[in-house]
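These protein sequences, in sequence, are chains A and B.
When we follow UniProt numbering, the leftmost residue of the first sequence carries the number 1, and every step to the right adds one.
When we follow UniProt numbering, the leftmost residue of the second sequence carries the number 1, and every step to the right adds one.
Note that the Cβ used here is the ideal one computed from N, Cα and C, for glycine as well.
Just below is one structure, and these are the notes that go with it.
Protein chains: 2
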Amino acid sequence: MDQTLPAPLQHEHMLFPEGLHLECGVHLAPVQVAYRTYGTLSAARDNAIIVCHALTGDQYLAERHPLTGKPGWWSRMVGPGLPIDTDRFFVICMNVLGGCMGSTGPRSPRGGEGPGLEPRRVEPWGTEFPPITIRDMVRAQKLVIDRLGIARLFAVIGGSMGGMQVLEWAATFPDMVFAAMPIATSPFHSAQNIAFNEVSRQAIFADPEWHGGRYWEREAIPARGLAVARMMAHITYLSEEALTRKFGRRTRRDPYGPANPLSLFGEMFEVESYLRHQGSSFVRRFDANSYLTITRAMDYFDLGADHDGDLSRPFHGTRTRFCIVSFSSDWLFPTTQARSLARALNRAAANVSFVEIESDKGHDAFLLDEPDFDRTVRGFLSGAAEHARIG
Amino acid sequence: MDQTLPAPLQHEHMLFPEGLHLECGVHLAPVQVAYRTYGTLSAARDNAIIVCHALTGDQYLAERHPLTGKPGWWSRMVGPGLPIDTDRFFVICMNVLGGCMGSTGPRSPRGGEGPGLEPRRVEPWGTEFPPITIRDMVRAQKLVIDRLGIARLFAVIGGSMGGMQVLEWAATFPDMVFAAMPIATSPFHSAQNIAFNEVSRQAIFADPEWHGGRYWEREAIPARGLAVARMMAHITYLSEEALTRKFGRRTRRDPYGPANPLSLFGEMFEVESYLRHQGSSFVRRFDANSYLTITRAMDYFDLGADHDGDLSRPFHGTRTRFCIVSFSSDWLFPTTQARSLARALNRAAANVSFVEIESDKGHDAFLLDEPDFDRTVRGFLSGAAEHARIG
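Here it is as structure tokens:
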């Protein structure tokens, strides 16, 4: 169907007309990767760090976000003099394949995005976007790194789904990764996490504005389903302690509640109001089909699966230096999973350190102010830079 | 609006035309309470045990369920020779106020259920059903107990929301409760649990068949929203270990997935299939407005709130014998919350024992086969019966 889409935001990007052969067997072409960089690539091209974003993150790592106007999601970590020091390192952050901030994904026009096409007059992929994997995401990132003429990355760093990409980078392109820092992540997605993602997807499918995934034809957004998905996910990102500390059982008047003063329902708990806000602000910046595509990629992530379940085998012979970080109150990616990764790397005789940060902030701790974590990142990068003999 | 409702199941019940003055200030009349009993009330009327059901349970405790055809939800615990021994005790289980299995609730006709009315020709309460509390539920149960001529209950037992009712029974009618066994429960609903309930409610509101809560006018059911709510709740009832043991990352063909053999999405994880089944079977037996009413009652439960947060005060001077049970892998009602209850009862100089059962089955452990738990129930009741001098 011929369809006029809203004018997209212009994101800095690279276009790869030859595309990418995906793990599912589909050849996706062209492929576009949107990215942002911070700092300066050294003459020796040896100071590049990829930061990989999580499920709902994007490439606007350390600057004002063009849609929300908020500071970048890791502004406290990446910048001049900060733990990931842009006076010293060249930092690249790329929107994942399947995303909705400028990289090829379900919202991309199916006919391609090349200069010879009219991208605003063709049908988007929608639900027919091919299924992608974490490895596909990493291989799309490698196209960018190759074009930048970077033969070896100084480091790859990321939390949550970003950490899955870090592991995939180190497993798939071991000679290109000098140092790897997988944070608050796991070498496989657990049954519980798959279950939560499945509820998210069902919430989106249940929305009347979903229209079988062709919501863009109706100029609609499955906003309520997406908000429910986000609200639920948000609970899993926080610890019970963090929720109790932030909100406890405090109540406030519900502006949409019944006027009857006798009604207990006239007030709501603050945690409800917070979640509703989280849900409604999310739908303004995220595409439902991208959410489905990316959660599926997470669910299929299982680094040992191609190696008879032996998690050490993808890392045999690796010379990459690893620093694995977990947070004590993270129940979505608990320390037990990080520890199984550390053990596998030890079995592979890799150079690996493992740090569990004491925190009551839950999974989101990697995005929040945790001085011990900042010191860990700074220390690992400084030590690795010394070994790599970077400026 | 004059409205024909489907013929309701006939549940054994008592009708109280005088009704009940609810905590919200509304006088609800008449009130009907549906119940089932097992065993025989002794001549001295001293062997009665109330078993309180959880959020989505009902009075069909130890017999085939009239809607689902499945065994009662605690058939393994209640019966002749079982831990709650119906050869010895008279067991009563009542559908909670606000429920949908015969007690007065949102599906009840607003005009009343008395013999002078035509219950199938009047409008149901729906969303205008007054908000109820756990204490209201208990006071409705007391109407039944009074009519049965029982002055003192030998015991009140229940898990999860059932445990909240146990605590409310002991706090509100201390002289009527000889022994109390709150299981897998908490003296207040936590911020995390309120948050999960709020997501459930938003999932129901997001369903196109919700129709502002007047779905019965359209002969509709907000089935997808209710299923999403149930799926999410179901994850919280299990532990991560239990999900991993039951399903791990095993996959199967998705009967509704794309036919494309290249597609990763052609298969689904077994845990997804299981959750979808849980969701779809639930909507056939539960009313959405009841779900909203009862989750709200749980959220408002905070036993210390009327006592400046001092949880011991509702129990000062109590002579009830308490046995508190928690399960080590229950993260919805964790042992820490049970322990705070035990400490409060100790401060109130109550007779209290506290048992944490080692189990990897999560919150649902109280419904499942846990021999240590069975022994605890049997032992506590036997000891208490000796003290109460029951046959």
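Three-state secondary structure (DSSP) of residue i
i                      : result
residue 186 of chain A : coil
residue 51 of chain B  : strand
residue 328 of chain B : coil
residue 251 of chain A : strand
residue 161 of chain A : helix
residue 37 of chain A  : strand
residue 366 of chain A : helix
residue 179 of chain A : strand
residue 356 of chain A : strand
residue 151 of chain A : coil
residue 94 of chain B  : strand
residue 242 of chain B : helix
residue 141 of chain A : helix
residue 124 of chain B : strand
residue 167 of chain A : helix
residue 337 of chain A : helix
residue 299 of chain A : helix
residue 79 of chain B  : strand
residue 262 of chain A : Only weak support is given to the placement of residue 262 of chain A: the predicted model assigns it a pLDDT of 44, under 50, and the question is left unresolved by the model.
residue 313 of chain A : helix
residue 211 of chain A : helix
residue 347 of chain B : helix
residue 15 of chain A  : strand
residue 374 of chain B : helix
residue 231 of chain B : helix
residue 386 of chain B : helix
residue 84 of chain A  : strand
Check whether residue i and residue j have beta carbons under 8 Å apart
i                      : j                      : result
residue 142 of chain A : residue 178 of chain A : no
residue 134 of chain B : residue 315 of chain B : no
residue 107 of chain A : residue 100 of chain A : yes
residue 187 of chain A : residue 303 of chain A : yes
residue 40 of chain B  : residue 90 of chain B  : yes
residue 46 of chain A  : residue 384 of chain A : no
residue 271 of chain B : residue 297 of chain A : no
residue 223 of chain B : residue 283 of chain B : yes
residue 55 of chain A  : residue 73 of chain A  : no
residue 299 of chain B : residue 76 of chain B  : no
residue 269 of chain A : residue 132 of chain B : no
residue 207 of chain A : residue 344 of chain B : no
residue 323 of chain A : residue 247 of chain A : no
Selected residue, minimal CA-CA separation from residue i, among the options
i                      : options                       : result
residue 66 of chain B  : B:79, B:9 and B:83            : B:9
residue 63 of chain B  : B:163, B:129 and B:86         : B:86
residue 31 of chain B  : B:58, B:323, B:97 and B:41    : B:97
residue 15 of chain B  : B:61, B:33, B:127 and B:56    : B:33
residue 29 of chain B  : B:184, B:105 and B:344        : B:105
residue 146 of chain A : A:132, A:137 and A:176        : A:176
residue 57 of chain B  : B:79, B:339, B:163 and B:22   : B:163
residue 355 of chain A : A:27, A:42, A:334 and A:140   : A:334
residue 59 of chain B  : B:37, B:69, B:43 and B:68     : B:37
residue 348 of chain B : B:82, B:321 and B:189         : B:321
residue 70 of chain A  : A:378, A:285, A:377 and A:346 : A:285
residue 180 of chain A : A:377, A:12 and A:386         : A:377
residue 139 of chain A : A:312, A:189, A:205 and A:95  : A:95
residue 252 of chain A : A:93, A:273, A:150 and A:11   : A:273
residue 217 of chain B : B:84, B:122, B:18 and B:357   : B:122
residue 244 of chain A : B:318, B:337 and B:78         : B:337
residue 374 of chain B : B:307, B:19 and B:81          : B:81
Inter-stretch contact at 8 Å, needing at least 3 Cβ pairs: the region 222–230 of chain B / the region 168–180 of chain A:
In the pairwise beta carbon analysis, the region 222–230 of chain B is classified as not touching the region 168–180 of chain A: fewer than three pairs are separated by under 8 Å.
Q. Taking one C-beta from the region 292–311 of chain A and one from the region 196–211 of chain A each time, how about it: are there three or more such pairs within less than 8 Å?
A. yes
Quick check: the region 329–339 of chain A against the region 355–363 of chain A, are there 3 or more CB pairs under 8 Å? Yes: at least three Cβ pairs fall under 8 Å.
* Do three or more CB pairs link the region 185–200 of chain B to the region 269–280 of chain A at distances below 8 Å? -> Yes: at least three Cβ pairs fall under 8 Å.
query = Given 8 Å as the limit, is there contact between the region 149–165 of chain A and the region 37–56 of chain A, that is, 3 or more CB pairs closer than that?
reply = yes
| said: If the cut-off is 7 Å on Cβ atoms, which residues from the region 235–250 of chain A count as contacting chain B, listed in chain order? | reply: If the cut-off is 7 Å between Cβ atoms, the region 235–250 of chain A has 235, 240, 243, 244, 247, 248 and 249 near chain B.
Can you list, in chain order, the residues of the region 194–212 of chain A whose Cβ is nearer than 7 Å to any Cβ on chain B?
Residues passing the 7 Å Cβ filter: 194, 195, 196, 198, 199, 202, 203, 206, 207 and 208.
_What are the residues in the region 277–296 of chain A lying within 8 Å of chain B by C-beta distance?_
Cβ contacts with chain B come from 279 and 296.
| Going along the region 136–167 of chain A in order, which residues come within less than 7 Å of chain B, judged by CB to CB distance? | none
*asked:* Which residues of the region 210–232 of chain B have a Cβ closer than 8 Å to any Cβ of chain A? Give them in chain order.
replied: 224, 225, 227, 228, 231 and 232
Below 9 Å between beta carbons is the criterion; list the residues of the region 171–190 of chain A that meet it against any residue of chain B, in chain order. Considering only beta carbons, the part of the region 171–190 of chain A lying closer than 9 Å to chain B consists of 188, 189 and 190, in chain order.
_Along the region 306–327 of chain B, where does the CB come closer than 9 Å to a CB of chain A? Name the residues._
If the cut-off is 9 Å between Cβ atoms, the region 306–327 of chain B has nothing near chain A.
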